[in-house]
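Below you'll find the structure, written out as structure tokens, and then a few comments.
Protein chains in written order, with the working numbering: chain D, 1 to 343; chain Y, 1 to 912.
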């Protein structure tokens, strides 16, 4: 509500004081995640915003005076002069009417006057909104994928290079378009984004390969990912190990998988998050053995005992618990399990 | 912390030591947090999984921990018994719960908590019997069930009363024993005294509350117009009221007042009921958080709304329901509660629409009903009946789309496919705006055509569904449509086996498997494809059976029928071997590979697959196939080894799996070790599924029966008698074990009727044949040889019983018309005439049969006896004597002592 009032005030100010804009440069505000120097906010004219750095001209000479790591930038409040008016107006529709919001933002595709680093936010919001809509309206899926591709094509070094590809990859995976998902994750793994991004991308590639039942390839990718993790990072290693376990289950090496699970279960100080993933994998193991009741017991342990488990893993455990119930001819109990998702 | 870690470490060492065993384990490794997990599982409604964990923890527990677990487990089993289970399972759970509680009391623990648990267990048993009372139509049985349930409720109430009084006394005593310091003020002293007895008092309150509900449950055993109902429901009201007055600040007071409201409502005291419900609704939020109080608030609002609607206050009723539905959805979405709320709302709207003759309110009525269906809650079961009632009362034909879908689905459920088609068609031609509803209606149209055997239209509609909706609806929904399409094409191919139909069917299954691999239907598609190939396979085609085997091999472990596909693949391989062997290519590599593949796969199954889940029968099936393979190869020893290994791997299989037991018995018979089979069956008789033993005993009885028939044909009467006697023993055992609820199976009835006759159980035989008659009538099955044969048997039973009631004579007349000149019937007619004292016409009948039977057979002796008897009865003693004397010359021993005895007695009469 307060945000809306500020926005309206800004709009009114822009409408009634046209002369001021030309006389005095309007400032953008860069809001950071953490203090850089002694401040968390800097004003000036943003000159660029890509996945690596954000440049700010604070004195109006057209040259960058401050360069931030984009990872440290929470967001930028572009002034109405810098950011086209239709983008500002569109914000009002964001929650009220997502489709009209997208339509309004789509003017960005024909906007040659505004810098691309500003337009990238419009492109991103179109893609993001279409993706959200596609979750309930399957017909929107094609528009969502198209919007992501436009973002990466028009602004190759967009600040959304990493997060956007992660979102696109996850969406494609959920849509069952595994090859396309793999491509999105591979761009991250092979891109210039650093070892941490590459490692997490490889894990996502492995998950995708597993969805495609390419278990040996998944195992290979996970071995690569594991090699990049420090031995002291037990949690990350355990996560990779559990994913490897899944790949092993997929290859029907069930005894190996069981040994790996029980060994990890015995490792000291496994946090609840890891235990959650471990039981999810244990569920996979029992499901592969056709022991659906044991699988159900394992999957249910995730939401009931380890709610801290990664959201995707938890949701998958709940979905698989429902599937086990169906297989056990206990479909009527599915609703009860779905309720656990909200807890 | 240190202790916990030590326990954990010990467990870990245990796990490592068992490393080799663990690889083959089929259970989750236990962890220190599993006790807590089991409690959470029970709380989330998975009492069976909780019970499994408790049972495992219980095995290793000792002392007090074991007793605590026994109590927890008893509670889990009691909850499971209250769930939607059949009577046998319910009794099993209750028995286990009782056993566990007995263990606790036997260990000297007669704590009030245990007494309380035992009382509540009796209450649960009583509620189970109350359900049985409702389902029972036989007045005598109903009365017995009511008496039994009432006794349980009385026992429960008496125990609760005893514990409550005991605990109240202890609470008072504890309070009195508290000695306050001199400077303590009066208020603090009172608080301290109450605190001293709090634990006792809490238990007493719990018992009093449960006792009031027990009386209420007891009242529900009778119909509303019976005196016992009114008296007991009155007692329930008093108990609830007394509780609410005594404990005004307890949360349980609200539950008691709710019970009081329900009791008033059932006694038709509407104002009193409404007052109780309304007061709870307005004050409940002072008593707890929304999550705690809202379910009870809703449960009060629903009957209150019904009472308001009865008074014509429709808007108040709807407003009340909407508020509760909204609040409940926001706090704790409970589908059962929601469905009950929506059904109640529809009922209120229905009364309103009917009274005001308001078409718009009828529309709302139907929409609310479809919303109730969508919840999937318990009350949704009432919806089809309410839609039908609404349509009849309102005269409406054009329902809202979602209500139309519900209606179509209820028509399909009632097998009224034409009505379903008529209702769906206009909505397919002009689809409603809601895509998913439009899709489901269209899919149901296809399904209705399929179920009414109009396959052509079904296929057209399903294909139209794919064209219109493939990208517009969720995958699992579309997979279901495609699954139906595949099944339709499969049925068409099975009926009309043209190459084109078969090809289309196979391609359809392939398409489903490829396009929807992540859905249950997609995963099962490959199995059905394999099935269709196997069903269409030419018996002597190596190519066909190889193709079927390859398809079975492609079934993924996720598929429901994975285990089945594994042994069916083996059977296909064995078929390949048999075809090649029959063609003289037994020793070719192809044949030997196929044989090896079949045997290896079947043997590996027992190591590879986990124990079967409920409803799955793979060890029985796979074992049968493996034994068949060995028998076919003449490898009797291997066959025996294989069943022994299976019994070792699944010790309970013989007790629980009729198919496996049958395989074992058949093998023993083949090995000519019938007595070993009997010994085996005797060994498992305790705790075995009665049907396992029934079928096995019938099987053994049949073997002896066959031996008897062979002896009869060879005229070895003593051997025949011995064999028939043995057969009779086993048939008798089978009939004794036959559970009452299994007697309505047609196939089994046919088997039982014949065997009951052989073991002289004529009453059972007649009763079973009358059931078979009923089956023919109920299913409009044309009278066939089987039925006429059974009727003949029925008539023979009357003869053996020497009872000829009117229906027996009617039957005999009918049979004589159907089988003119039949020897058996002539015997029966002659017997009837004898029975009626008409000796002369009877003699005529017997004389007509003389010479009609082979000399020396039981029938031949029978005719001779009756001829002599009739001559004697008609006063011609000389002819009678002549017959007996003549027979004595032919065979002085009269074949058997029984026959001789009959003739000797008659002879004494004649020569008196």
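C-beta: ideal position from N, C-alpha, C; glycine also.
**Message:** Could you compute how far the alpha carbon of residue 220 (chain Y) sits from the alpha carbon of residue 350 (chain Y)?
**Reply:** 27 angstroms
**Prompt:** So, is the C-beta of residue 46 (chain Y) closer than 9 angstroms to a C-beta in chain D?
**Reply:** yes
**Request:** Kindly say whether residue 282 (chain D), judged by its beta-carbon, lies nearer than 9 angstroms to any beta-carbon of chain Y.
**Result:** yes
**Asked** If you run the structure through DSSP and keep just helix, strand and coil, what is residue 779 (chain Y)?
**Response** coil
**Item:** Interface residues of chain Y facing residue 304 (chain D) [CB-CB closer than 8 angstroms]
**Value:** 37, 40, 41, 44
**Request:** Please determine if the stretch 856-871 of chain Y and the stretch 821-835 of chain Y are in contact, where contact requires at least 3 C-beta pairs separated by less than 8 angstroms.
**Result:** yes
**Request:** Determine the direct distance from the alpha carbon of residue 81 (chain D) to that of residue 24 (chain D), and round the result to whole angstroms.
**Result:** The pLDDT assigned to residue 24 (chain D) is 49, lower than 50, so where the model puts this residue is not dependable, and the model offers no usable value.
**Message:** Comparing C-alpha positions only, which one of Y:749, Y:716, Y:703, Y:414 sits nearest to residue 728 (chain Y)?
**Reply:** Y:703
**Request:** Could you pull the start and end residues of the alpha helix (DSSP H) that residue 201 (chain Y) belongs to?
**Result:** 198-219
**Request:** List the residues of chain Y whose Cβ lies closer than 9 angstroms to the Cβ of residue 333 (chain D), in chain order.
**Result:** 45, 46
**Asked** Taking any Cβ of chain Y, which residues in the stretch 131-143 of chain D have a Cβ under 9 angstroms from it, in chain order?
**Response** 137, 138, 139, 141, 142
**Message:** Taking only three categories from DSSP, how would you classify residue 175 (chain D)?
**Reply:** coil
**Asked** residue 75 (chain D) by DSSP, collapsed to three states: which one?
**Response** strand
**Request:** Could you work out which residues of chain Y lie near residue 301 (chain D), taking near to mean beta carbons separated by less than 7 angstroms?
**Result:** 37
**Prompt:** How should residue 184 (chain Y) be labelled, buried or exposed, when 16 other C-beta atoms within 10 angstroms of its C-beta is the threshold for buried?
**Reply:** exposed
**Item:** residue 437 (chain Y) in three-state terms, based on DSSP
**Value:** If DSSP states are grouped into helix, strand and coil, residue 437 (chain Y) belongs with the helices.
**Prompt:** Based on Cα-Cα distance, which residue from Y:410, Y:589, Y:84, Y:626 lies nearest to residue 606 (chain Y)?
**Reply:** Y:626
**Message:** At the 9 angstroms Cβ level, is residue 510 (chain Y) part of the contact set with chain D, yes or no?
**Reply:** no
**Request:** Within the same chain, show all residues whose beta-carbon is closer than 6 angstroms to that of residue 479 (chain Y), passing over the 5 residues directly before and after it, in chain order.
**Result:** 516, 519, 521, 522
**Prompt:** Nearest to residue 750 (chain Y) by CA position, among Y:734, Y:767, Y:772, Y:757, is which residue?
**Reply:** Y:772
**Request:** Mind reading off the beta-carbon distance from residue 205 (chain D) to residue 182 (chain D)? Whole number of angstroms is fine, and I expect it under 8 angstroms.
**Result:** 6 angstroms
**Request:** Count the other C-beta atoms from every protein chain shown that fall within 10 angstroms of the C-beta of residue 31 (chain D), then say buried if there are 16 or more, exposed otherwise.
**Result:** By the 10 Å Cβ count, residue 31 (chain D) comes out exposed.
**Message:** I want to verify the contact list: residues of chain D whose CB lies under 8 angstroms from the CB of residue 180 (chain Y), in sequence order.
**Reply:** Those do not exist, as residue 180 (chain Y) stays about 46 angstroms from chain D at its closest Cβ, beyond 8 angstroms.
**Asked** What residues of chain D sit near residue 158 (chain Y), judged by a beta carbon separation below 8 angstroms?
**Response** The premise fails here: residue 158 (chain Y) is roughly 36 angstroms from chain D at the closest Cβ pair, so nothing lies under 8 angstroms.
**Asked** Which residues share a DSSP beta bridge with residue 48 (chain D)?
**Response** D:55
**Straight-line Cα distance separating residue 251 (chain D) from residue 551 (chain Y)** = Cα to Cα, residue 551 (chain Y) sits roughly 20 angstroms from residue 251 (chain D).
**Message:** Is there a Cβ of chain D sitting closer than 9 angstroms to that of residue 376 (chain Y), yes or no?
**Reply:** yes
**Request:** Work out the CA separation of residue 297 (chain D) and residue 363 (chain D) for me, nearest whole Å.
**Result:** The structure shown does not extend to residue 363 (chain D), since chain D is modelled only from 1 through 343, so no value can be given for it.
**Prompt:** Around the C-beta of residue 109 (chain D), are 16 or more other C-beta atoms found within 10 angstroms, so that it is buried, or is it exposed?
**Reply:** exposed
**Prompt:** Three or more C-beta pairs closer than 8 angstroms, one from the stretch 392-405 of chain Y and one from the stretch 425-439 of chain Y: is that the case here?
**Reply:** With a cut-off of 8 angstroms, the stretch 425-439 of chain Y and the stretch 392-405 of chain Y count as touching, because enough Cβ pairs lie within range.
**Request:** Starting from residue 908 (chain Y), trace the alpha helix (DSSP H) both ways and give me its first and last residue.
**Result:** 897-910
**Prompt:** Among D:255, D:242, D:147, D:55, which one has its Cα closest to the Cα of residue 264 (chain D)?
**Reply:** D:242
**Item:** Neighbourhood of residue 253 (chain Y) by C-beta, 6 angstroms cutoff - its chain only, sequence neighbours within 5 removed
**Value:** 244, 247
**Item:** DSSP-derived helix/strand/coil call for residue 310 (chain D)
**Value:** coil
**Message:** Can you check whether the C-beta of residue 560 (chain Y) is within less than 9 angstroms of a C-beta belonging to chain D?
**Reply:** So, interface residue.
**residue 831 (chain Y) at chain D interface by Cβ criterion, 9 angstroms** = no
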